[in-house]
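Going by the numbering used here, the first residue of the sequence shown is number 1249, and it counts up by one from there. Every residue gets a Cβ at the ideal spot worked out from N, C-alpha and C, and that includes glycine. As the structure is a prediction and not an experimental result, all values here were calculated from the model.
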Amino acid sequence: MRAGRLRHRVSIQSQGTTLDDYGESTDSWSTDDTVWAAVEPVSGSERDIGEQMVGVVTHRVVMRYVSSLTPNKRILFGSRVLNINSVLNIDERNERLSLFCMEEV
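Shown next as structure tokens:
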């Protein structure tokens, strides 16, 4: 893999639950790892969600292999949140991953 392509710094986050002061569980995200990746926008569209138009941008993220990466996690790219739709192990060689992600704008 050509390291020059991996020019974006992204964080891999996983979701957990914590208890607040009243004993209620709240969802929170914690950073598992920070890696170099190539983030490429693929398409953009608008969707009607709850009687409101929401912009949706899909991205392809390529990075070195991370064994713990699943669609249950998300990518933090600066202040932008990319929800992972699928994780592909390119050539099944455990060298690099291709993620297809969706960002709501």
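Distance from M1350 to N1331 at the Cβ level is roughly 5 Å; contact confirmed, criterion being Cβ atoms closer than 8 Å. At the C-beta level, R1295 and V1302 come within 8 Å of one another. The C-beta distance from S1262 to T1282 rounds to 13 Å, too long to meet the 8 Å contact threshold.
In this structure V1309 is buried. Its beta-carbon is surrounded by 16 or more other beta-carbon atoms within 10 angstroms.
With contacts defined as CB atoms closer than 8 Å, F1348 and T1318 fail to qualify as a contacting pair. Listed as beta-bridge partners of V1304 by DSSP are S1293 and E1352. Cβ neighbours of G1292 within its own chain (closer than 6 Å, five residues either side excluded): V1305. Counting other Cβ atoms within 10 Å of its Cβ, L1345 reaches 16 or more and is therefore classed as buried.
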